[in-house]
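Here's the structure, in structure tokens; my notes come after.
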Amino acid sequence: MKTFQCPYCGVGCGLYIDDRDRIKGDFEHPANRGDICKKPIYLPKIMDEGRVGRPLYRESKRENFREISWEEAYRILADRLSSLDPSETYFYLSGQLLTEDIYVANKFVKGFLRTNNIDANSRLCMATAVTAYKMAFGSDGPPCSYEDIDDADTFLFIGSNAAIAHPVLFKRVLKRRRELERAVVITIDPVETETAKKSDVFIQIRAGTDTAFLNSVLYVLHREGWIDFEFIEKYTEGFEEALEQARKFPPEVAASVCDVREEDIYLVAEAFAKSKKLISFWCQGLNQSINGTMKNLALINLHLATGRLNGKGCPFSLTGQPNAMGGREVGYLSNGLPGYRDVRNPSDRRFMERFWGVEGIRSEPGPTITEAVDLILEEKIKLLWVVCTNPAVSLPNLDKVHSALERVFLVVQDSYWNDTCEYANLILPAAQLGEKEGTMTGSDRTITYCEKFKEPYGESKPDWLIFTELAKLMGAKRLFPYRSNSDVFEEFKRSTEGRLCDVSGLSYDKLPARWGGNWLYGDLRFPTESGRARLHPAKFEVATERGEFVLITGRLKNQWHTMTKTGKSPQLLKGEIPPFVLMNPEDALELGIEEGDEVVLCKGSKKVVRVVRFSNVKRGHIFAPFGYPKEFGEPVNLLLTDRVDPYSKEPDLKYSGVSVKVLAHHRPSEGLP
Ligand SMILES: Nc1nc2c(c(=O)[nH]1)N[C@H]1C(S)=C(S)[C@@H](COP(=O)(O)OP(=O)(O)OC[C@H]3O[C@@H](n4cnc5c(=O)[nH]c(N)nc54)[C@H](O)[C@@H]3O)O[C@H]1N2
Ligand SMILES: Nc1nc2c(c(=O)[nH]1)N[C@H]1C(S)=C(S)[C@@H](COP(=O)(O)OP(=O)(O)OC[C@H]3O[C@@H](n4cnc5c(=O)[nH]c(N)nc54)[C@H](O)[C@@H]3O)O[C@H]1N2
Ligand code: SF4
Ligand SMILES: [Mo]
Numbered sequence: 015m016k017t018f019q020c021p022y023c024g025v026g027c028g029l030y031i032d033d034r035d036r037i038k039g040d041f042e043h044p045a046n047r048g049d050i051c052k053k054p055i056y057l058p059k060i061m062d063e064g065r066v067g068r069p070l071y072r073e074s075k076r077e078n079f080r081e082i083s084w085e086e087a088y089r090i091l092a093d094r095l096s097s098l099d100p101s102e103t104y105f106y107l108s109g110q111l112l113t114e115d116i117y118v119a120n121k122f123v124k125g126f127l128r129t130n131n132i133d134a135n136s137r138l139c140m141a142t143a144v145t146a147y148k149m150a151f152g153s154d155g156p157p158c159s160y161e162d163i164d165d166a167d168t169f170l171f172i173g174s175n176a177a178i179a180h181p182v183l184f185k186r187v188l189k190r191r192r193e194l195e196r197a198v199v200i201t202i203d204p205v206e207t208e209t210a211k212k213s214d215v216f217i218q219i220r221a222g223t224d225t226a227f228l229n230s231v232l233y234v235l236h237r238e239g240w241i242d243f244e245f246i247e248k249y250t251e252g253f254e255e256a257l258e259q260a261r262k263f264p265p266e267v268a269a270s271v272c273d274v275r276e277e278d279i280y281l282v283a284e285a286f287a288k289s290k291k292l293i294s295f296w297c298q299g300l301n302q303s304i305n306g307t308m309k310n311l312a313l314i315n316l317h318l319a320t321g322r323l324n325g326k327g328c329p330f331s332l333t334g335q336p337n338a339m340g341g342r343e344v345g346y347l348s349n350g351l352p353g354y355r356d357v358r359n360p361s362d363r364r365f366m367e368r369f370w371g372v373e374g375i376r377s378e379p380g381p382t383i384t385e386a387v388d389l390i391l392e393e394k395i396k397l398l399w400v401v402c403t404n405p406a407v408s409l410p411n412l413d414k415v416h417s418a419l420e421r422v423f424l425v426v427q428d429s430y431w432n433d434t435c436e437y438a439n440l441i442l443p444a445a446q447l448g449e450k451e452g453t454m455t456g457s458d459r460t461i462t463y464c465e466k467f468k469e470p471y472g473e474s475k476p477d478w479l480i481f482t483e484l485a486k487l488m489g490a491k492r493l494f495p496y497r498s499n500s501d502v503f504e505e506f507k508r509s510t511e512g513r514l515c516d517v518s519g520l521s522y523d524k525l526p527a528r529w530g531g532n533w534l535y536g537d538l539r540f541p542t543e544s545g546r547a548r549l550h551p552a553k554f555e556v557a558t559e560r561g562e563f564v565l566i567t568g569r570l571k572n573q574w575h576t577m578t579k580t581g582k583s584p585q586l587l588k589g590e591i592p593p594f595v596l597m598n599p600e601d602a603l604e605l606g607i608e609e610g611d612e613v614v615l616c617k618g619s620k621k622v623v624r625v626v627r628f629s630n631v632k633r634g635h636i637f638a639p640f641g642y643p644k645e646f647g648e649p650v651n652l653l654l655t656d657r658v659d660p661y662s663k664e665p666d667l668k669y670s671g672v673s674v675k676v677l678a679h680h681r682p683s684e685g686l687p
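Anchor point for the sequence shown: position 141 equals 155 in the working numbering, and the numbering is continuous, going up by one each time.
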């Protein structure tokens, strides 16, 4: 029996594979206590489907790939990297790598090549939550843990479809609600999602307007005398400025901005005022927005204004990927360094320089991935190395991304053949979870050791080993002496000593274990300059876009992102294809559209075809799942702009103006898809 963390969502369930190759939930694991959802069950069946078994190379993109040896692949890379200035290279990583993989890649780029030209798909995901958490608490560790669910009485899901995106966590919430009659679940979303359907209260907000709604809740809290002034005095700063902003949003104003009822705002304020313990969960409906950091801050403000931390509640950002938290610990975004350090901080840089035995870690954060796309088109970045992510499908403004991928010398390090491979010069086959060993950190800071239960497919290698072997060839054996993943973990863990995310006392045999305790700020001392938590004025910016509909994008229940894994399972594809768009039946009626019709979603000259499904989507909005690879037609990310939140630089993947035209009417004899 081998145990490991689920390779899919950030709940971070502990799983095991039994001697008959069946995947089960691990009863010993604190994240799921034996529970499991459908996605990982099919893992053994899909592990060998559509893999790349050997390194592949072509000098020019017009040629066919030829198989090459690892030695040749490393030589090509060493030559390329030596002939370019480090600023002409760029590395794009992923929250689905192991912590060991990320640590070595990050050291290779920031410590050895000495450039901060590195980012991760977390930029599209958690960057906003990270920014807001740091502004409010001084660090981005989530303040509480899953155990807090078990004695809470009020749960707010805002911009989160946890019932499908974090199912085991959502089941834990529903269990608590069954146990406690007065417990209440509130969902705020423009779409009546599965989460909304299973909630007691559903508030159907207009997309992009959460900051106005949450400011108004603060307004009501203040008007009704429900602010916890003692908490504010003792533990926070910035309340007055935050309130001044909130004063712009009396309920009648916010109700009209958000297209909700004033009672809805009052109801949420009352929940913050009167519940025993309130946890607010949020995810991409808040993060992926040009107003994202402000949405996050407006929500955190409510917790601080009512003292809802620790025993009284928690603002809980749900992490998307299985190891985005590990990526944060290792500092894989363009500004990070291991142990929650930052390149902009001189003492953080000095520490890492001494620790690694290198000089000259750059002090400027590198460009983010969407900025890097522009730099490729300006020919300032000439080599792009993509590890464990599929930007040809998942980045916004795909026309532009595809031109950049065409132009750059592209290295793709992936376990499967994916759409990004079509643009590659060099493909490096990577071992996936189950074929390698190391650690991952789930949403509530619990670290799990993942055992290997299968030999790597073909000649594929663990990601950390690929960077290590290349570094050795490039003369950096002293910096990369690792013979095993355990050597890497031992080094990483020493870098965290004395830091908030201190894991120096842990070892593989002591996992799973959580760093930071159940409550990260149990003593209400915060790692900010003043030691206090900070409320911020949450400024509302109206999202505007041309088009008759607001296109929202998001997730499918049984598929994982760009489908390289889950797409290989017929059981998991069932009900998810053909690619569809959810539409309000009344909107559809006005356009003469019936359920099952094929429609074209248009933005300027860009067109994407989808089949209509009726659903309770807010009027004037449509919802299309992203992630369908090219074999299913044009990806929906063609229709998204690369506009970003100014603070986190996270793109707005939840708001794009489009029009909808009927392409073909559905013939009832065919049955609904
Ligand atoms: N099945 C499955 N689970 C997954 C994943 C997967 O691919 N498939 N991916 C994982 C990853 S990496 C992530 S990041 C998470 C994402 O998990 P979620 O963020 O929960 O999923 P999304 O569907 O992206 O978006 C959540 C909801 O935000 C709503 N929304 C859009 N705009 C707004 C807005 O302006 N305000 C509010 N209040 N709501 C809005 C959408 O209607 C949607 O229902 O899921 C993780 N879990
Ligand atoms: N429109 C729209 N776009 C979005 C979003 C949205 O809500 N709407 N959400 C965004 C978010 S939150 C996220 S997280 C991204 C996700 O987007 P991506 O990261 O592009 O999606 P994945 O399909 O998870 O890509 C992971 C890749 O890693 C490979 N892989 C798996 N295991 C390993 C391994 O161990 N090593 C290596 N080297 N490769 C491996 C897989 O085969 C796959 O190609 O999409 C973003 N894009
Ligand atoms: S809830 Fe998330 S971590 Fe748990 S089994 Fe499902 S996909 Fe895996
Ligand atoms: Mo994500």
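Cβ atoms here follow ideal geometry from the backbone N, Cα and C, with glycine treated the same way. It should be emphasised that the depicted structure is a prediction, and the values quoted were computed from it without experimental measurement.
Contact test: residue i Cβ vs ligand 1 heavy atom, cutoff 6 angstroms
i, result
"R569", "yes"
"W431", "no"
"C23", "yes"
"A221", "yes"
"W574", "yes"
"D224", "yes"
"I172", "yes"
Residue i CB to nearest heavy atom of ligand 2 below 6 angstroms
i, result
"V401", "yes"
"A444", "yes"
"L70", "no"
"N175", "no"
Sheet register partners of residue i (DSSP bridge)
i, result
"G671", "V564"
"Q427", "V401 and L442"
"C328", "I293"
"F540", "Partner(s): none; F540 has no beta bridge."
"F594", "V625"
"G28", "Q19"
"G350", "D356"
"V66", "Paired residue(s): none; V66 is not in a bridge."
"A689", "The chain is shown from 15 up to 687; residue 689 falls before or after that span and cannot be answered."
"Y71", "R80 and L440"
"F105", "I132 and W399"
"P665", "V658"
"V650", "Note: V650 sits in no beta bridge, so no partner."
"R376", "According to DSSP, R376 bridges with nothing at all."
"M454", "T462"
beta-carbon residue i near ligand 4 non-hydrogen atom, thresh 6 angstroms
i, result
"G691", "Residue 691 lies beyond the residue range present for the chain, which begins at 15 and ends at 687; the question has no answer from this structure."
"C139", "yes"
Residue i classed as buried or exposed, judged by whether at least 16 other C-beta atoms fall within 10 angstroms
i, result
"V274", "buried"
"G64", "exposed"
"L677", "exposed"
"L323", "buried"
"L603", "exposed"
"K52", "exposed"
"G618", "exposed"
"N78", "exposed"
"D458", "buried"
Segment limits, beta strand (DSSP E) that includes residue i
i, result
"V182", "Careful: V182 lies outside any beta strand (DSSP E), inside the alpha helix (DSSP H) at P181 to E193."
"G39", "I37 to G39"
"E612", "E612 to K617"
"F216", "V215 to I217"
Run of the alpha helix (DSSP H) containing residue i, from where it starts to where it stops
i, result
"A146", "A141 to F151"
"L549", "No alpha helix (DSSP H) holds L549; DSSP gives it neither H nor E."
"F227", "D224 to R237"
"G306", "G306 to A319"
"C272", "P265 to C272"
Check: residue i C-beta below 6 angstroms from any heavy atom of ligand 3
i, result
"P526", "no"
"V187", "no"
"P470", "no"
"P329", "no"
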